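Comments concern the structure below.
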Amino acid sequence: MSSLIGTYEYVLYSGDMDFLTINWNKVKSAVDYVVRKLDDDSGLLYVTGVNDWGRASQGGFNTAANALMFRTLITGSLMASWIHDEISSRWELKAYVLKAAMNSAVFNWDPVMG
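Residue 1 is where the sequence shown starts when you use our numbering, and the numbers rise one by one after that.
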């Protein structure tokens with residue numbers, strides 16, 4: 001997901017639309033791969049791997065990975081709009097469903113701890 005965000009930033013600041021056009025199918029495949037890890041019931045990202053650089057306690061539902069997923073969907077949506085791919089609106093919608101779930105008391109409230 002970090003590489004996808006980096007791709008967005010590269011194209012944003014360089015204006016290298018040829019790079020994006022040439023690599024669009026790869027970018028789209030990468031976003032689609034991680035989108036398949038979104039939980040149908042909650043809308044949250046479920047991390048299936050536990051070995052990740054820079055972050056401990058990975059796996060399952062976790063805030064860091066979901067925040068990264070939100071940004072991946074937003075930047076993916078923007079790149080899709082730059083090349084007029086209709087997937088843009090679907091990724092944006094998934095991003096805001098994810099954001100609502102992340103901010104929901106349903107998933108972020110521990111009744112024992114209050």
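Here a beta-carbon is modelled for each residue, glycine too, at the ideal position from N, C-alpha and C.
A quick note: this is a predicted structure, and the numbers were derived from the prediction, not measured.
Is DSSP giving V27 helix, strand or coil here?
helix
State the Cα-Cα distance for the pair W91 and G49, rounded to the nearest angstrom.
22 Å
With DSSP collapsed to three states, give me the class of G60.
strand
Using 8 Å as the threshold, is the stretch 93–107 in touch with the stretch 61–81, meaning 3 or more CB pairs across them?
yes
Report the three-state DSSP secondary structure of V97 (helix, strand or coil).
helix
Under a three-way DSSP split, which group does L20 fall into?
helix
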